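Have a look at the structure below before the remarks.
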Amino acid sequence: MLQDALLIAGKDLRLELRSRVALNQVLPFALLVLVLFAFALDPDRGVLAQATPGLYWIAVLFSALLALQRSFAIEAADGNRDALRLSGLDPAGIFLGKVLAVSVQLIVLEVLLGIGVAVLYTTHIEGWGLLVVSSVIATASIAAAGTLFGVLAAGLRVRETLLPLLLLPVLAPVLIGSTRAFEAALAGSPSEGWPWVGLMSIFASLYVVAGVLGFGPLLEES
Amino acid sequence: MTTQLSNTSSGPDSTASRGTRILGVLALVSMAALALFGLVLSPPDANQGEVVRILYVHVPSATFAYIGCLLTTVGSAMYLWRRSQWWELVAYASAEIATVFTAIVLVTGMIWGRPTWGVYWVWDARLTSTAMLLLLLLGYLAVRRLPADHGVRTRRAAILGLLLVPNVIIVRQSVQWWRTLHQKPTLLANGVGAEIEGLMLFALFVGFIAIGLVFTWLLIHRFRLAWLEDQVDEAGLDVAIAERRAEGAAS
Amino acid sequence: MIDNWGFVAAAWAVVFGGLGGYAIRTIMRGRSLTRQVPPEKRRWS
Amino acid sequence: MVHLRGAVALLGRFPALAGVDLDLEPRRIVLLRGANGAGKTTLLRTLAGLVALAAGEATVLGVDLRTDRRSVRHRVGLLGHATGLYDDLTVGDNVRFWARAAGADADDVERALTRLGLDGRLRSVAVSRLSAGQRRRTSLACLIARRPELWLLDEPHAGLDQQGRDLVDALLREATAAGATVILSSHELDRSMQLADEVITIAGGIVTRDSDVAGVQVVPTDGGAEGHRGDR
């Protein structure tokens with residue numbers, strides 16, 4: 074199962090390296106969202122500084138939607154879904170591989186977006202331990218739930234509109250948790266942030282288990 | 641599509657049966673009793689005044705909305721585990737009813753909030769998580785009603801149904817923490833008071849009975865309706881196979 | 035406090051109207067679908 | 003090898019297969035012929051375990067498809083109209099990925115690429131830049147690297163040049179010599195008839211004729227038995 078996961082993750086990441094869709098389209102989109110927030114919320118009155126953690130995670134969440142759409146668009150083309158089913162790969166392995174590939178892409182995006190926030194919003198960054206741990210857990214949560222719902226919407230004519238409807242309400246706890254954890258870290262009181270990391274860990278575990286068990290049936294078309 | 645008029649046959653021409661008719665009458669009677677006790681006989685609350693009467697319908701509706709969600713999750717689990725079509729229909733029927741109840745809970749909660757809090761909406765933990773629950777249920781229904789193959793949509797919807805209750809728990813927990821970390825839950829202090837008693841308690845009890853009967857009646861009818869939908873879906877398959885074979889034999 | 039009867043009436047109207055409307059819709063849909071299904075397949079009869 | 007009794011398969015609500023009866027011996031090349039929409043593609047996909055059986059019985063490679071469609075899949079090779087390749091990856095990447103997914107090693111990959119003439123410059127070209135014939139060759143390379151026991155080919159000659167078609171025929175003969183069974187559908191009847199040991203004609207989702215190449219009926223088919231549909 075893990076071998077299959079690494080094979081799939083390697084394939085997805087190699088595909089990203091060759092096509093650079095996430096790098097050339099999703100990342101600029103995320104940075105654009107940051108700039109748009111600055112337009113919408115007056116940067117001189119301190120609103121932007123207060124809202125920084127929330128805006129950051131909103132930008133990550135919307136970019137993640139695009140990355141997930143992309144992750145399933147490559148499998149939707151030209152009979153790849155059939156080929157995957159015929160491949161003999163463990164569905165649980167396919168799920169974990171996709172989660173891994175999306176997570177890696179999101180983490181790269183988060184780092185670059187973090188630099189963007191630090192520069193554009195002049196955020197003073199501290200509380201590194203909590204920032205890193207909560208980012209990793211939140212990313213795993215988004216990728217696991219997103220991959221499960223991604224395959225749920227895959228192959229349907231309404232997939233582009235269905236995925237946000239299904240995914241965003243479910244990810245509400247992750248958005249709340251990651252934002253609060255970042256606020257706590259930036260405010261220099263990390264102890265308030267750790268319970269959120271715990272909650273997000275439960276969320277991530279739930280969705281990893283659901284994906285490992287549910288991916289096989291979901292991959293079937295009839 | 642085979643259209644058979646059954647006006648002359650022995651079967652009923654609706655989803656009603658003798659049992660549900662009795663149940664329906666009981667539900668109507670108990671709703672009338674609820675109106676009597678809730679609106680006329682019970683006294684106004686010392687703190688909330690007349691507004692407390694909203695709670696006689698609001699609280700039971702919330703309870704049965706949650707019961708509906710629980711049934712959806714259980715039904716989805718049984719469908720995925722045992723391949724039980726019966727449980728799949730239970731999950732679908734109760735999800736739709738739970739959606740109606742959740743919407744009612746949300747609207748009555750907002751109406752209760754206006755005189756109590758002065759605004760229709762506050763970011764109260766219960767109100768917010770109910771709104772999220774409504775969105776989750778709408779997602780389930782959207783998938784269950786997809787214009788796709790029957791097996792595809794039931795299986796995909798069942799995965800969502802299975803995750804419904806865990807999701808609700810996590811969402812509630814997160815919203816609860818989110819609110820309590822920032823402000824003390826003073827608003828909830830005027831909620832259902834601890835000292836409701838006598839006729840007020842009885843009115844609430846009647847509310848549970850009445851809403852529970854309505855819920856059960858709706859569940860049975862919606863289940864039969866879903867079962868009919870499946871039958872209509874499957875009808876014509878035999879005809880289609882025969883036509884297809886004739887096409888082959890003729891060539 | 036007198037005004038509050040309006041809120042009570044609105045809330046009860048939502049409950050009775052919502053449940054009643056949904057019940058009627060269910061029955062109506064049931065009737066129209068029943069006609070398309072032969073009686074021997076209706077298990078509750 | 004392949005054993006179908008009253009097999010019904012649905013595409014949505016359309017019975018693409020309406021009760022197929024079929025028995026095939028191993029190590030043979032079987033030609034599937036029939037008009038467009040007769041059910042050839044659905045039959046191949048059903049044998050690959052991709053389409054669920056709505057009614058009837060089906061056993062492929064000793065696996066009962068009613069209860070288990072998954073364990074037959076990695077033992078068959080299906081070449082459909084769609085190539086199943088990732089456009090943004092190179093030919094080499096694609097073949098390596100699908101071969102490794104099926105548990106093949108690097109030698110199998112090299113052999114397959116060489117056999118299909120893809121070991122030169124084409125190896126590092128992205129699939130999106132290939133011609134239709136080159137794509138076909140790439141997916142054939144993926145297929146032979148997997149060493150399937152049952153080859154299911156939907157119009158394998160389509161889109162290939164003369165040389166490519168000869169190569170396909172040679173590959174199929176090699177495969178049956180090595181113990182595999184081949185079922186192919188084709189409109190290139192002249193070419194396929196020379197290749198095939200057995201010809202199956204299907205129409206309207208049923209097998210109407212099962213004969214050897216000379217036209218001698220192998221199994222009499224009535225083509226009209228009713229009552230195959232069980233409980234769904």
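Residue numbers (our numbering), protein chains in the order written: chain Z, 74 to 295; chain D, 641 to 891; chain W, 35 to 79; chain B, 3 to 234. Think of the CB as a built atom: it goes at the ideal place given N, C-alpha and C, for glycine as much as any other residue. Just so we're clear, the structure is a prediction, and the values are computed from it rather than from any experiment.
DSSP state of W763 (chain D) mapped onto helix, strand, coil: Here residue 763 (chain D) corresponds to residue number 123 of the second sequence, with the count starting at 1. Three-state result, W763 (chain D): coil.
Chain B within 9 Å of K84 (chain Z), Cβ atoms only: For the purposes of this step, residue 84 (chain Z) is taken as the residue at position 11 of the first sequence. With 9 Å as the cut-off, K84 (chain Z) counts as an interface residue toward chain B.
Per-residue contacts from I61 (chain W) into chain D (C-beta, under 8 Å): Here the question's residue 61 (chain W) lines up with position 27 in the third sequence. By Cβ distance, chain D contributes S654, T655, A656, H861.
L154 (chain B) burial status per 10 Å Cβ neighbour count (16 or more: buried): The sequence position of residue 154 (chain B) within the fourth sequence is 152, counting from 1. Residue environment analysis places L154 (chain B) among the buried positions, since at least 16 neighbouring C-beta atoms fall within 10 angstroms of its C-beta.
Three-pair Cβ contact test at 8 Å for the segment 103-123 of chain Z versus the segment 81-94 of chain Z: Touching, no, given that fewer than three Cβ pairs across the two stretches are closer than 8 Å.
Contacting residues, own chain, Cβ-Cβ under 7 Å from G229 (chain B) (five flanking each side not counted): Translated into positions along the fourth sequence, residue 229 (chain B) becomes position 227. With a pLDDT of 38 at G229 (chain B), under the threshold of 50, the predicted position of this residue should be treated as unreliable, though the coordinate-derived value follows. Cβ neighbours of G229 (chain B) beyond the five flanking positions: none.
Same chain, Cβ closer than 7 Å to L827 (chain D), five either side skipped, listed in chain order: Here residue 827 (chain D) refers to the residue found at position 187 when the second sequence is read from its first residue. Note that L827 (chain D) scores a pLDDT of 40, beneath 50, so its modelled location is shaky and nothing firm can be said.
Y760 (chain D), buried or exposed, once every other Cβ within 10 Å from all chains shown has been counted against 16: Numbered from its first residue, the second sequence carries residue 760 (chain D) at position 120. Answer is exposed; the Cβ neighbour count stays below 16.
Neighbour flag for E887 (chain D) against chain B, beta carbons, 9 Å: Position 247 of the second sequence holds residue 887 (chain D). It does: the Cβ of E887 (chain D) has a partner Cβ on chain B nearer than 9 Å.
Near-chain D residues of the segment 245-258 of chain Z - C-beta to any C-beta below 8 Å: Result list: A245, P246, I249, G250, R253.
Same chain, Cβ closer than 7 Å to V247 (chain Z), neighbours up to 5 away in sequence not counted: As a working mapping, residue 247 (chain Z) is identified with position 174 in the first sequence. Residues of the same chain with a CB within less than 7 Å of the CB of V247 (chain Z), apart from the 5 flanking positions on each side, are A211, S214, I215, M273, F276 in chain order.
Residue closest to G168 (chain Z), alpha-carbon to alpha-carbon, out of Z:V133, Z:G266, Z:Q76, Z:E256: Taking the first sequence and counting its residues from 1, one reaches residue 168 (chain Z) at position 95. According to the sequence as given, residue 168 (chain Z) is Phe; it is not Gly. Here the closest residue by C-alpha is Z:Q76.
Residue from D:T742, D:V872, D:I707 whose Cα sits closest to the Cα of L778 (chain D): Indexing the second sequence from 1 puts residue 778 (chain D) at position 138. Residue D:T742 is the option with its Cα nearest to L778 (chain D).
Any chain Z beta carbon closer than 9 Å to A60 (chain B): Along the fourth sequence, read from residue 1 onward, the residue named residue 60 (chain B) stands at position 58. By this cut-off, A60 (chain B) is not an interface position.
Contained alpha helix (DSSP H) runs [length at least 4] in the segment 126-155 of chain B, N- to C-terminal order: Whole alpha helix (DSSP H) segments, 4+ residues: 134-147.
Heavy atom of the ligand HEM within 8 Å of S188 (chain B) beta-carbon: The ligand content of the structure shown is nil, which means the ligand HEM is not present either.
Neighbourhood of T748 (chain D) by C-beta, 8 Å cutoff - its chain only, sequence neighbours within 5 removed: Here residue 748 (chain D) corresponds to residue number 108 of the second sequence, with the count starting at 1. If you ignore the 5 residues before and after T748 (chain D), its C-beta comes within less than 8 Å of the C-beta of I694, V697, H698, S701, all in its own chain and listed in chain order.
Where A198 (chain B) sits in the DSSP three-state scheme: Walking along the fourth sequence from the start, residue 198 (chain B) turns up at place 196. In this structure, A198 (chain B) counts as coil in the three-state DSSP scheme.
Endpoints, the beta strand (DSSP E) within which R211 (chain B) is located: The residue labelled residue 211 (chain B) in the question sits at position 209 within the fourth sequence. Here the beta strand (DSSP E) through R211 (chain B) covers 208-214.
S187 (chain B) - DSSP class collapsed to helix/strand/coil: For this step, residue 187 (chain B) is matched to residue 185 along the fourth sequence. Note: S187 (chain B) maps to strand in three-state DSSP.
L6 (chain B), DSSP secondary structure in three states: Position 4 of the fourth sequence, counted from the start, is the residue given in the question as residue 6 (chain B). The answer is strand: DSSP assigns L6 (chain B) an E or B state.
Positions along the segment 778-810 of chain D whose CB lies within less than 8 Å of some CB in chain B: Listed by position along the chain: D789, G791.
R154 (chain Z) versus W78 (chain W) - alpha carbon distance: Translated into the one-based positions of the first sequence, residue 154 (chain Z) becomes position 81. Translated into the one-based positions of the third sequence, residue 78 (chain W) becomes position 44. Taking the straight line joining both Cα atoms gives about 42 Å.
Limits of the alpha helix (DSSP H) - the one that I919 (chain D) falls within: Any question about residue 919 (chain D) goes unanswered here, given that chain D covers just 641 to 891.
Extent of the continuous alpha helix (DSSP H) run through L80 (chain B): Counting from one through the fourth sequence, the residue named residue 80 (chain B) turns up at place 78. From DSSP, L80 (chain B) is part of no alpha helix (DSSP H) but of the beta strand (DSSP E) over 78-81.
Of the residues B:P17, B:T140, B:G94, B:V127, the one placed nearest A886 (chain D), counting alpha carbons only: Within the second sequence, the letter at position 246 stands for residue 886 (chain D). The shortest CA-to-CA distance from A886 (chain D) to any of B:P17, B:T140, B:G94, B:V127 is the one to B:P17.
Proximal residues of chain B, C-beta to C-beta of A191 (chain Z) below 8 Å: If you number the first sequence from 1, residue 191 (chain Z) lands on position 118. In chain order: nothing, as chain B lies at least about 33 Å away.
Span of the alpha helix (DSSP H) around T71 (chain Z): Look at the range of chain Z in this structure, 74 to 295, and you will see that residue 71 (chain Z) is not part of it.
Assigned secondary structure, P17 (chain B) (DSSP; H/G/I helix, E/B strand, else coil): Translated into the one-based positions of the fourth sequence, residue 17 (chain B) becomes position 15. When secondary structure is reduced to three states using DSSP, P17 (chain B) falls in the strand class.
Cβ distance (whole Å) where D795 (chain D) is taken to contact P164 (chain Z) below 8 Å: Along the second sequence, one-based indexing puts residue 795 (chain D) at 155. Along the first sequence, one-based indexing puts residue 164 (chain Z) at 91. One point to set straight first is that residue 795 (chain D) is Arg, not Asp, in the sequence displayed. Actually they are not in contact, since the Cβ atoms of R795 (chain D) and P164 (chain Z) sit about 13 Å apart, beyond 8 Å.
C-beta neighbour in chain B for L881 (chain D), strict 9 Å: Numbered from 1 along the second sequence, position 241 holds the residue referred to as residue 881 (chain D). At residue 881 (chain D) the sequence reads Ile, which differs from the Leu that was named. Closer than 9 Å to some Cβ of chain B, the Cβ of I881 (chain D) qualifies, so yes.
Neighbourhood of I146 (chain B) by C-beta distance below 7 Å, restricted to the same chain and skipping five residues each side: Looking up residue 146 (chain B) in the fourth sequence gives position 144. So the list reads A114, R117, L173, once near-sequence residues are dropped.
Burial state of P787 (chain D) (16 or more Cβ within 10 Å): One-based indexing of the second sequence puts residue 787 (chain D) at position 147. That one is exposed.
Contact set between the segment 142-164 of chain Z and chain B, restricted to residues whose Cβ is under 7 Å from the partner: Within the segment 142-164 of chain Z, I147, A150, D151, G152, N153, D155, A156, R158, L159, S160, G161, L162 place their CB atoms closer than 7 Å to a CB of chain B, listed in sequence order.
First and last residue of the uninterrupted beta strand (DSSP E) at T61 (chain B): Taking the fourth sequence and counting its residues from 1, one reaches residue 61 (chain B) at position 59. Per DSSP, T61 (chain B) belongs to the beta strand (DSSP E) from 57-62.
Chain D contact for V201 (chain B) (CB, 9 Å cutoff): Residue mapping note: residue 201 (chain B) aligns to position 199 of the fourth sequence, counting from 1. Not an interface residue.
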